[in-house]
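Peer 1: Residue numbers (UniProt numbering): 1 to 570. Note that the Cβ used here is the ideal one computed from N, Cα and C, for glycine as well. Encoded as structure tokens, here's the structure I'll be asking about.
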Amino acid sequence: MGGCLCGDVRGGMEAVGGGRSGLRGAGQGGANEAVDYYFQTSGLRGLYSPLELSFSASKLKNMDAFSKSDPMLVIYTKKGGRLEEIGRTEVILNSLEPSWITKATINYQFEIVQPLVFRIYDIDTRYHNTPVKMLNLSQQDFLGEACCNLSEIATKFNHSLILNLQSSSGHALLGTVTVHAEESDSSRMAVEMTLHCLNLENKDMFSKSDPFLRISRLVETGGAIPICKTEVINDNLNPVWRPITLTSQQFGSKNNPLLVECFDFDSSGNHELIGAFQTTITQLENIYNSKSGANFFSHKGQKKLKGQLFVDKFQEKVQHTFLDYISSGFELNFMVAIDFTASNGDPRAPQSLHYIDPSGRPNSYQQAIIGVGEVLQFYDNDRRFPAWGFGAKTSQGYISHCFNLNATTNDSECYPCWANSIGPIINKAAEIAGNSLQYGNNKYFVLLIITDGVLTDIQETKDSIVRASDLPLSILIVGVGNADFKQMEILDGDFGRRLESSTGRIATRDIVQFVPMSEVQQGGQISVVQSLLEELPGQFLAYMRSRDIKPRAPPHNNASASSDYPPPPT
1 MGGCLCGDVR GGMEAVGGGR SGLRGAGQGG ANEAVDYYFQ TSGLRGLYSP
51 LELSFSASKL KNMDAFSKSD PMLVIYTKKG GRLEEIGRTE VILNSLEPSW
101 ITKATINYQF EIVQPLVFRI YDIDTRYHNT PVKMLNLSQQ DFLGEACCNL
151 SEIATKFNHS LILNLQSSSG HALLGTVTVH AEESDSSRMA VEMTLHCLNL
201 ENKDMFSKSD PFLRISRLVE TGGAIPICKT EVINDNLNPV WRPITLTSQQ
251 FGSKNNPLLV ECFDFDSSGN HELIGAFQTT ITQLENIYNS KSGANFFSHK
301 GQKKLKGQLF VDKFQEKVQH TFLDYISSGF ELNFMVAIDF TASNGDPRAP
351 QSLHYIDPSG RPNSYQQAII GVGEVLQFYD NDRRFPAWGF GAKTSQGYIS
401 HCFNLNATTN DSECYPCWAN SIGPIINKAA EIAGNSLQYG NNKYFVLLII
451 TDGVLTDIQE TKDSIVRASD LPLSILIVGV GNADFKQMEI LDGDFGRRLE
501 SSTGRIATRD IVQFVPMSEV QQGGQISVVQ SLLEELPGQF LAYMRSRDIK
551 PRAPPHNNAS ASSDYPPPPT
């Protein structure tokens, strides 16, 4: 997802009209697959940020007869229901109030739940000269354990979380452990640039080219990982693009090689290369300072072209991260809407998408709600989520495309209908998001829509999305069942052109992410939830930065943050 804040942040052909190609492995497609493969092989997708965790404990149980315990902390992450050790601290001698120097670095990923387990052991005197990695934990005295999710630490005002230590049976209280997280400063470094071109080669016969730029990071294996894409400028050989922002997480060091490519946009996805050249952030800064241009070269660099790239603005800056906002009190408020149209089938039949399996196996609707809710609940203070239904006929005979699921209206008995309309649901969510601005700007809303069929109100839906693009709102759409969802993909802003309303108004930003559940399940590489949520932090940041909304300052009683840090080692 990165942070190229010119609009789309995913890069690659899909982002500029190539269409969805499914979640395939590396080597099976274009640049977007390369992005997926890079993050998958790194264990990362979407937003990731390295967090450095430090640890201290208090009131530990004393296991030694003639001195105090010699504690060591072991950090685990839980994957697939199994614990995986990720690090050990040093041993602190004779202390029931240890503050360990050794830290652990974990990549925070917004779109997944990251369970952590902390276990403390009293290391026997016989093993004090043994490297901690070689210690057999079964030979040490167990002092207690604590569990949490990484997001619980990251969302705290001071990034510190105090946890009660318990016995393995979960009963006795054995003191506390404090976990403090620090986000890497490199996560905040960024470069903002304004780019334009002159004298581009025309690739169209009856008009001028529709150029856009794609910037990729070159890796040691020779591949190119797209990190940013500009918008498309129609019918122009001397285009000027909106400012773009590249983070140091994307380009690495200022001297890492980058590939700048200029394409002629084609709605079929078969974009034609106009020219390309290799550069670095340092060289782009030199282009800006010298007011000169960099020439493009033809395919494989065989021919120097007349077209040139110029850098009109180059500014290094420190920008606030997603966690800066969340830890200062900003919330993500979750809302959900469920499709009740007749195409779901009779809920009493096992083949129905609404069927409740007596064995407890969740259906597709339940999977999506549980998966997204499990992630977003940590970012919503009251953890109370509005839930609506659409596509049902009430007992009074009228069709409702927005009704409460808690039966607070007079028409609590509903029957399926065939019309599939989500415009009213989006309007309701937009109303809530708009009203929240009266009370401040620290709430951002996330609407999950789960549907099984083709929309009957596509233009109304477009109009609703365009209006909502000015508000603190993102829309996640999950397609369940085997319907043809190509119509839905139009709503997703990954096609290079922002949505346009019936009145000609253009969406101010991309706020929709659509994922067909069957396609992701067949791919098998990532979950539906990861696919849905990977763009959400970028949409959140785009909204906040476009309105110059800053994270809140810590409360005055938290001003002395040092008191919340682990004390010096004893």
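1) Okay, do the segment 146-165 and the segment 322-338 touch, 3+ Cβ pairs below 8 Å being the bar?
2) Assuming Asp452 and Gly423 are in contact, meaning their beta carbons sit under 8 Å apart, how far apart are those beta carbons, in whole angstroms?
3) To the nearest angstrom, report how far apart Gln487 and Trp388 are at their CA atoms.
4) I'd like the ranges of any beta strand (DSSP E) spanning at least 3 consecutive residues and lying wholly in the segment 437-502.
5) Identify the continuous beta strand (DSSP E) that holds Ser160 and give its terminal residues.
6) Could you tell me the alpha carbon to alpha carbon distance between Phe118 and Val528, rounded to whole angstroms?
7) If you run the structure through DSSP and keep just helix, strand and coil, what is Ala553?
8) Return the bridge partner residues of Leu309 from the DSSP annotation.
9) For Asn149 versus Pro115, is the C-beta spacing smaller than 8 Å?
10) So what does DSSP say about Met544, is it helix, strand or coil?
11) Taking just the CA atoms, how far does Phe390 sit from Asn435?
12) Which same chain residues, not among the five before or five after Val512, have their C-beta less than 7 Å away from its C-beta?
13) Measure the beta-carbon distance from residue 641 to Lys229 and round it to whole angstroms, keeping in mind my assumption that it falls under 8 Å.
14) Apart from the five residues on each side of it in sequence, which residues of its chain come closer than 8 Å, Cβ to Cβ, to Leu405?
15) Report, in whole angstroms, the separation of the C-beta atoms of Phe378 and Glu152, which I expect to be a contact under 8 Å.
16) Quick check on the DSSP output: what are the complete beta strand (DSSP E) runs of length 3 or more inside the UniProt domain "C2" (173-297), in order along the chain?
17) Answer with buried or exposed for Gln109, where buried requires no fewer than 16 other C-beta atoms within 10 angstroms of its C-beta.
18) Excluding sequence positions up to five away, which residues of its chain have a Cβ less than 7 Å from the Cβ of Asn62?
19) When you compare only the Cα positions, how much space is there between Arg547 and Phe314?
20) Determine the burial state of Val35: buried for a count of at least 16 other Cβ atoms within 10 Å of its Cβ, exposed for fewer.
21) Taking just the CA atoms, how far does Ser248 sit from Leu455?
22) Can you give me the start and stop residues for the alpha helix (DSSP H) that Val372 sits inside?
23) What three-state label does DSSP hand Asp382 in the structure shown?
24) Let me know if Ala57 comes out buried or exposed under the rule of 16 or more other beta-carbons within 10 Å of its beta-carbon.
25) Does DSSP classify Gln513 as helix, strand or coil?
26) What are the start and end residues of the beta strand (DSSP E) that includes Val117?
27) How would you write the range of the beta strand (DSSP E) that Leu332 sits in, first residue to last?
28) Out of Met193, Ser216, Lys462, Tyr121, state which residue places its alpha-carbon closest to the alpha-carbon of Asn256.
Peer 2: Quick look at the numbers:
1) yes
2) Contact doesn't hold; Cβ gap of about 17 Å is too wide.
3) 23 Å
4) 443-451, 473-479
5) 160-166
6) 29 Å
7) coil
8) Cys197, Ala294
9) yes
10) helix
11) 22 Å
12) Ile465, Ile475, Ile477, Leu491, Asp492, Gly493
13) Because the chain in this structure spans residues 1 to 570, residue 641 falls outside the shown range and cannot be described.
14) Ile338, Ala387, Trp388, Gly389
15) 6 Å
16) 173-183, 189-198, 211-218, 224-229, 244-247, 258-264, 272-279, 294-297
17) buried
18) Lys68, Ser69, Leu96
19) 21 Å
20) Note on Val35: pLDDT 36, under 50, position unreliable in the model; the coordinate value appears next. It counts as buried.
21) 41 Å
22) 364-376
23) coil
24) buried
25) strand
26) 115-122
27) 331-339
28) Ser216
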